[in-house]
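Asks: Handing you a structure now.
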Amino acid sequence: MRHLVFRSTAMRCAAGLALAAALAWAMTATRGARHAALEADAGTQAPLHSLPVVALSTLEQARRGTSIPLHGLPADLSAAFEQVPDLHDYRQRLQVAADAGDVQARWVASQVDEYCAGYAQDPQAFDADTRAIAGLAGQAGAAMAQARARMGSRCSGYSPADGVSRDRIVAARRQAARGGQLAAEASLLALGQPLEPSAAYKRALVQRVLDAGDPQAYLALSGALGAAASGDDTYQDMVAGTSFAELAWQLAACKLGLACGPRSALMTRYCANGGICSRDANQDFPAFVMDAAVPRQGADTIDTMVNRLVQSTRQGEAR
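Under my numbering, think of the first position of the sequence shown as 1, with each following residue one higher.
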């Protein structure tokens, strides 16, 4: 049955990507695939030691809400998430820092768990599905298999014994958010579990993300402001409420510095979990979106949205 599910996904991928709705569906499917695995269980990679080790002064500049020196961890934890080949080992190192009170480490640890959730649930079944997809005819099946193989390789230290669960991830993000980690706070809104339920809080959160210009927060918030926000007066006059809006937040995140290359976590998740894969292995996320998901007549619309978001950040005010 699992093989049939993934064959169906690969066939959808092979059918082609014509509209932004397809890519928005992929992100929804990606989130759903990770969360289903969690609920059932209640670039070029570089070795961690080759990345620059952080000093106390660097931490004070790079991390908000903490000044704890972390020996053996790179200065940019999010960049390391994109690069390290052994995510399970990295996750353990992050946990030490998180237990010491580093909210950025706690946020990135939750990202690692989310990225590896499908594998951690059942590594053997994950690998079997990957082999089955690799055996499908066509470029789409091959691309999806490659993305899953990359994910499986990086997550290979995980097992069901690690106890990765949706509840654990949400709890970690809630704790990080209460400690001032903005991307974690934004992700809670996208998960439907904001720190506060009021419309005023939600709107203020979007404003804080715009003011901060944090690409991780932009990406985390995107799922809350796409089609899920359609008809919600909370976000009136904001970039929200359509599948284009969700993509615009993600593209703006790329412009602000998010890793969006062909082997980035963003591209890998779209392909490995959602079955939406670029036919060009060297295509980055912005090129992929504009080539495969945005019809010609919609390009100006999404460009306007992206520019509005980036300008709002640069000017420190909502538009």
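Using N, Cα and C, we set each Cβ at its ideal position, and we do this for glycine too. Only a predicted model underlies this, so the values are computations on that prediction, with no experimental measurement involved.
Given a threshold of 16 other Cβ atoms within 10 Å of its Cβ, counted over all protein chains shown, does Asp99 qualify as buried or as exposed?
Replies: Exposed is the call here.
Asks: Where does Pro74 sit, in a helix, a strand or coil, going by DSSP?
Replies: DSSP places Pro74 in strand when its eight states are reduced to three.
Asks: Provide the residue span of the alpha helix (DSSP H) that contains Arg154, from first to last.
Replies: Note, Arg154: alpha helix (DSSP H), Gln139 to Arg154.
Asks: If you follow the alpha helix (DSSP H) that Ile169 is in, where does it begin and where does it stop?
Replies: Per DSSP, Ile169 belongs to the alpha helix (DSSP H) from Arg166 to Arg178.
Asks: Should Thr304 be labelled buried (16 or more other beta-carbon atoms within 10 Å of its own) or exposed?
Replies: With fewer than 16 other Cβ atoms within 10 Å, it is exposed.
Asks: So Ser278 packs on Ala143, CB below 8 Å; how close in whole Å?
Replies: Yes, they are in contact, since the Cβ atoms of Ser278 and Ala143 sit about 7 Å apart, within 8 Å.
Asks: Given a cut-off of 8 Å on the beta-carbon distance, is the pair Leu225 and Val239 in contact?
Replies: Closer than 8 Å, so yes.
Asks: With the cut-off set at 8 Å, would you say Ala109 and Leu73 are in Cβ contact?
Replies: In this structure, Leu73 does not lie closer than 8 Å to Ala109 by Cβ.
Asks: Counting only the same chain and skipping the five closest in sequence on each side, list residues whose C-beta sits under 6 Å from that of Gly223.
Replies: Once the five neighbours on either side are set aside, the close Cβ partners of Gly223 are Ala190.
Asks: For the stretch 227-237 against the stretch 196-206, are there 3 or more C-beta pairs whose distance is under 8 Å?
Replies: Verdict: yes, contact present.
Asks: Assuming Ala125 is part of the alpha helix (DSSP H), what are its boundary residues?
Replies: Run containing Ala125: Pro123 to Ala134, per the alpha helix (DSSP H) assignment.
Asks: Is it true that the CB of Glu246 sits closer than 8 Å to the CB of Ala227?
Replies: Contact: yes.
Asks: Any contact of the stretch 161-174 with the stretch 123-138, i.e. 3+ C-beta pairs under 8 Å?
Replies: Contact between the stretch 161-174 and the stretch 123-138 is absent, because fewer than three Cβ pairs lie under 8 Å.
Asks: Gln283: which of Arg263, Thr301, Ala299 and Asp300 sits nearest, CA to CA?
Replies: Out of Arg263, Thr301, Ala299 and Asp300, Arg263 has the C-alpha closest to the C-alpha of Gln283.
Asks: Pick out whichever of Pro123, Leu219 and Tyr218 has its Cα sitting closest to the Cα of Ala161.
Replies: Of the candidates Pro123, Leu219 and Tyr218, the one whose C-alpha sits nearest the C-alpha of Ala161 is Pro123.
Asks: Of the residues Val310, Leu258 and Asp280, which one's Cα is nearest the Cα of Ala80?
Replies: Taking only the C-alpha atoms, the option nearest Ala80 is Leu258.
Asks: If you pair each beta-carbon of the stretch 175-185 with each one of the stretch 113-120, do three or more pairs fall below 8 Å?
Replies: No: the two stretches stay apart, fewer than three of their Cβ pairs being nearer than 8 Å.
Asks: So is Arg93 buried or exposed if we call it buried at 16+ other beta carbons inside 10 Å?
Replies: Answer is buried; the Cβ neighbour count reaches 16.
Asks: Can you check whether the CB of Leu256 is closer than 8 Å to the CB of Tyr218?
Replies: Yes; because the gap between Cβ atoms is below 8 Å, this pair is in contact.
Asks: Could you give the C-beta distance for Val294 and Ile302, rounded to a whole number, given that I count them as a contact under 8 Å?
Replies: Confirmed, Cβ separation roughly 6 Å.
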